[in-house]
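Notes follow the structure.
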Amino acid sequence: MDAGLKTWAEIVRQVYPDLPILRDQNQWLAGNFERPSVFIETDLVSDKVHTPRADKIIEDVGLVFHYDKERMTEEDEGEPIPFDLTPFLTFLRQRRFCYSSQRFGVALVIEPPRTRPKKDQIELTFRYSYLLSVPKMLVPKINEFHIAYGKESTP
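Be aware that the sequence shown starts at 890, since it is given in the numbering used here, and climbs by one per residue.
Laid out in structure tokens, this is it:
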């Protein structure tokens, strides 16, 4: 089920090729990461049968962009430098909030984001959906039929 998470990482990598991506929640909560960076986490909302060969997955994703800090000297850190999200949002708008990943085989249909700015980070949350292919179960074929004639059943 991490096709959505991997696809979001692919989107971020296309827009910001040098930005470190965090996926480990424990590392993120402990603050063991460099700035600037982005933390990505997905949450399953719904998994429904769409067709016999595909399930429709609806998920929420949270992207937390951590700002770099301005350094006056090596010993002291200054104010956070806001992260420019214009290229990221422009990338999604140009694709009309739809993104098809050839690498992971899913096409995301994305709702517009909700933003929550904080002092040293900005959080974007999206709800999105995609179809996940379900492998067809192999059913053994019957090639021979045996029919018994003249048998009587006894009560």
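Ideal placement from N, C-alpha and C gives every residue a C-beta, glycine not left out.
Suppose contacts are defined by Cβ-Cβ distances below 9 Å. Is Leu997 in contact with Thr1004 by that definition? The Cβ atoms of Leu997 and Thr1004 do not sit closer than 9 Å to each other.
For Leu974, the three-state DSSP class (helix, strand or coil): Looking at Leu974 - three-state DSSP - the assignment turns out to be coil, as it is neither helix nor strand.
Endpoints, beta strand (DSSP E) assigned at Lys895: For Lys895, there is no enclosing beta strand (DSSP E); the enclosing alpha helix (DSSP H) has its first and last residue at 892 to 904.
Would you mind reading off the limits of the beta strand (DSSP E) that contains Gln1010? Looking at the DSSP string, the run of the beta strand (DSSP E) that includes Gln1010 is 1010 to 1022.
Return the CA-CA distance between Gly920 and Arg902, expressed in angstroms with no decimal places. About 21 Å.
If you drop the 5 nearest sequence neighbours on each side, which residues of the same chain put their C-beta closer than 6 Å to that of Thr931? Here the set comprises Gly893, Leu894, Glu948, Val950.
According to DSSP, is Ala919 helix, strand or coil? Residue state, collapsed to three classes: helix.
Best match in Tyr1038, Ala1037, Pro1024 for proximity to Arg942 [C-alpha to C-alpha]: When only C-alpha atoms are compared, the closest one is Pro1024.
If you reduce the DSSP assignment to three classes, tell me which class Leu981 lands in. When secondary structure is reduced to three states using DSSP, Leu981 falls in the helix class.
Hey, out of Val953, Ile946, Pro906, whose CA is closest to Ser1022's CA? Comparing Cα-Cα distances from Ser1022 to each of Val953, Ile946, Pro906, the minimum goes to Ile946.
Alpha carbons only, please: which of Val927, Asp1009, Tyr1038 is nearest the one belonging to Glu899? Among Val927, Asp1009, Tyr1038, the Cα nearest to that of Glu899 is on Val927.
Which partner residues of Pro1006 appear in the DSSP bridge assignment? Answer is Ile1011, bridged to Pro1006.
Is it buried or exposed for His1035, if we count other Cβ within 10 angstroms and need 16 for buried? Label assigned to His1035: exposed.
Sequence-distant residues of its chain with Cβ nearer than 8 Å to Asp944 (five each side left out): Taken in chain order, the residues that qualify are Asp936, Lys937, Val938, Leu1020, Leu1021, Val1023.
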